[in-house]
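Numbering (my numbering), first residue to last: 20 to 792.
Shown next as structure tokens:
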């Protein structure tokens, strides 16, 4: 059954026509197998869209025709309902007209029947297609439409397997189906269950006795029995067959032989122009894939979208490409299938056919290529932010079009036992809203160790695309910021203190050139040499850029450098030594165990100067003392602006220590280290005796008594001729720490009461003493 508007226009199947106008031809052609005849007669009943002023009835029964040959009828008016009537033994047009005229309510009931039939036909056709070809997509679409129309959409989980969705829909409508399993491994069982399912679905719609013909692509059932005087009218059920034909089937219930059978198939004609569809964002779709596009549509018009035929995409140059378009029944969306097409990127409009007229949706559809992530990477700021154990971090990717990303996950590289972890993401404008070259991802690095990872991005094609990312170790920490530099200093040095300092590869600041020295093994200190290229003023601050191994760009420490006034300096430090020492000191030596004074000439000491004393050539304690204070036998007094007096016992530090002093001005500036002297431990000689014991010609044993005599290595009467001591000193019983030391003494001495010379161990020249015999 088709409709033709003009001899030149193509025929459209009756069930696909949207408007039947006055003058349109309804064409009937029996679809028969070889040597098969179609006995009886056929007729067409048309119900007018609007009452006909010159007609007594609102419908017309067109002339009956021989069912075995093609036939044509011309529509006398615009119609909203068409009924195909078939009588195997002929038709009594008079009886049919009489019955319909007598029961005008039947026309409205037949219209309702036609609408329900169309929906049931869709569901059953999808079930049949699924059983024969496994077409789950059409079954799912029909099922969701079925559920949406009858108010059970909220009870179907779209993410559940299809068989569970089917069961949920059918059990909600009819608890008697609770034991039905539509997915059966047995082919024969599937056929029988499909027949039962189709029958039950039809029964749910119309509550009638149902018969079914199953096993082929077409299924049909008897919706209900209409009994008329002298005729047995039965409703027919249709399923489209190949080549736009339609199979009409009915029940096999027995009938009374004295009654003449007649079958009715009713179709509601929408009698409407095309819906006003507008493409709304997101309206970008990937080339070569299926996608959903949201549509704007006036209320009540969405059900007409499924009646648009011959969908196509029209480019800006006017080229037309047919595409498969399927409206989603329960919401205004179109599924557009571009797989198998050669449509390339560009802007398109969506067009179709509304009967013999063209249809075009408002708005545009943009076709874009799927993103290629070979060049995708983290932004430098994001790379620096993504550090181990750093908690939740928002990072950004760039270098590709991310608009079609639907899922993101992260996994550690080269760890086959770790499963990817899903991560949330967002796009600047939203998914499928045009090319977007940034993607924001939230990664929880709380439990992530430093190393190489893959960020897996899945697009509409469902394939994960890896993007290499690196989780960095924690950056080095620099302590005691800000670092103080001084104005008018052309060559400065300072020491970085913190941890993991050897991972720093460079420093930079405006107007400064840095030279990094190798750090200690503990990576706690690194010396830095600074050369300014311009003048700086006191109070000026600079940001310090720290380049770190593995980091995409330097870490900026705001205000990490601050310029102070002129650098403090120690111009001289003159120790004041005791005059009664037993052993003569050399220049730069500081006696341990003796409180000495040091007069220091300084510049730019500030109002609150302090001095820090430390050992330059050995690990030892550091003492910092403020002017006017005393600490650990070290005291500092400010005599006036450029003179400080330092009082200390060098014995605070070990022997051989080179004591250096650093002057600080109280505002963060410090002087270069200034060497005060080397700590020297001195033995104390209480007594010197000469014995008659000879140890060589003219050499006798002498006895020294005192403390710390182990320091003495040689003795003699001048600075150049010395003799090694005779062993180690021996403790004297009952005298505490007092010792005695045997020494070789040439006799007689060069002069009466000549002073004894001592050599400390390791020294090459003797020292004059006040010790005499």
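Note that the Cβ used here is the ideal one computed from N, Cα and C, for glycine as well.
For residue i, is the beta carbon positioned less than 6 Å from some heavy atom of the ligand NAP?
i           : result
residue 499 : With respect to small molecules bound, the structure shown includes none, and the ligand NAP cannot be examined in it.
Determine the DSSP secondary structure at residue i, reduced to helix, strand or coil.
i           : result
residue 579 : strand
residue 670 : helix
residue 729 : helix
residue 92  : strand
residue 110 : coil
residue 462 : strand
residue 721 : strand
residue 323 : helix
residue 33  : helix
residue 751 : coil
residue 309 : strand
residue 355 : strand
residue 690 : coil
residue 362 : coil
residue 676 : coil
residue 56  : coil
residue 716 : coil
Would you list the residues sitting across from residue i in a DSSP beta bridge?
i           : result
residue 789 : Per DSSP, none; premise fails for residue 789.
residue 705 : DSSP, once it has assigned bridges, lists no residue as partnering residue 705.
residue 78  : 66
residue 518 : 496
residue 23  : 44
residue 367 : 334 and 384
residue 527 : 564
residue 415 : 459
residue 657 : 663
residue 478 : None, per the DSSP bridge assignment.
Would you kindly check if the distance between the Cβ of residue j and the Cβ of residue i is under 7 Å?
i           : j           : result
residue 579 : residue 665 : no
residue 485 : residue 523 : no
residue 542 : residue 521 : yes
residue 389 : residue 414 : no
residue 677 : residue 621 : no
residue 60  : residue 86  : yes
residue 429 : residue 474 : yes
residue 281 : residue 267 : no
residue 530 : residue 507 : no
residue 674 : residue 642 : no
residue 528 : residue 563 : yes
residue 300 : residue 452 : yes
residue 732 : residue 705 : no
residue 690 : residue 587 : yes
residue 291 : residue 328 : no
With a 10 Å radius around its C-beta and 16 neighbouring C-beta atoms as the bar for buried, classify residue i as buried or exposed.
i           : result
residue 683 : buried
residue 457 : exposed
residue 617 : buried
residue 358 : exposed
residue 303 : buried
residue 572 : exposed
residue 605 : exposed
residue 648 : exposed
residue 88  : exposed
residue 478 : buried
residue 220 : Low confidence applies to residue 220: its pLDDT is 42, below 50, so where it sits in the model is not reliable, and the reading given next is rough at best. The residue in question, residue 220, is buried, as its Cβ has 16 or more Cβ neighbours within 10 Å.
residue 749 : exposed
Between which two residues does the alpha helix (DSSP H) containing residue i stretch?
i           : result
residue 402 : 399-404
How far does the beta strand (DSSP E) with residue i in it extend, from its first residue to its last?
i           : result
residue 613 : Counting along the chain, residue 613 falls outside any beta strand (DSSP E), and DSSP gives it neither H nor E.
residue 534 : 531-535
residue 434 : Neither: residue 434 is in no beta strand (DSSP E) and is coded neither H nor E.
residue 562 : 560-567
residue 765 : 758-765
residue 778 : 774-779
residue 376 : 376-379
residue 572 : First-last for residue 572: undefined, no H or E at that position.
residue 646 : Segment: none, residue 646 is in no beta strand (DSSP E) and carries neither H nor E.
residue 487 : 483-490
residue 700 : No beta strand (DSSP E) holds residue 700; DSSP gives it neither H nor E.
residue 595 : 588-595
residue 551 : 544-551
For chain D, check one thing: does any of its Cβ atoms lie closer than 7 Å to the Cβ of residue i?
i           : result
residue 572 : Structure shown: chain D not included; a single protein chain is present.
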